[in-house]
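If you read the sequence shown in the working numbering, its first letter stands for residue 160, the second for the next number, and so on. The block underneath contains the structure these notes are about, expressed in structure tokens.
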Amino acid sequence: MPIYEYECSDCGVISEAWQKITDSPLERCEHCGGRLKRLISQNTFHLKGTGWYVTDYAAKSPGSSKPQKDKGTKDESDSKAKSKSKKDD
């Protein structure tokens, strides 16, 4: 069931109510009896786990499918070049 937020136009109190979509909106504030206005609030829907389009079927970024170069050989050649330049000094 969705949680709806309401704001009282008289006292300004914001309250929450668990309601079915088919339920009629609340009309009176439980604190002062003033008129309520339904607020639009941010949802917290997250796609987690497997079986979702976003995680399993969406197009990957262009660079993600290319194999990466072996970093071990690059690091060795860089360290050899650095040690050679130190010997030259």
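The beta-carbon is built from N, C-alpha and C at its ideal position, and this holds for glycine as well. Values in this document were obtained by computation on a predicted structure and should not be read as measured data.
### Message
Considering only DSSP beta bridges, list what residue 174 is partnered with.
### Response
165
### Task
Out of 204, 203, 197, point me to the one whose CA is closest to residue 174's CA.
Looking from the CA of residue 174, the closest CA among 204, 203, 197 belongs to 197.
#### Entry: Contact test: residue 188 Cβ vs the ligand NAP heavy atom, cutoff 7 angstroms
Although the ligand NAP was asked about, the structure shown includes no ligands whatsoever.
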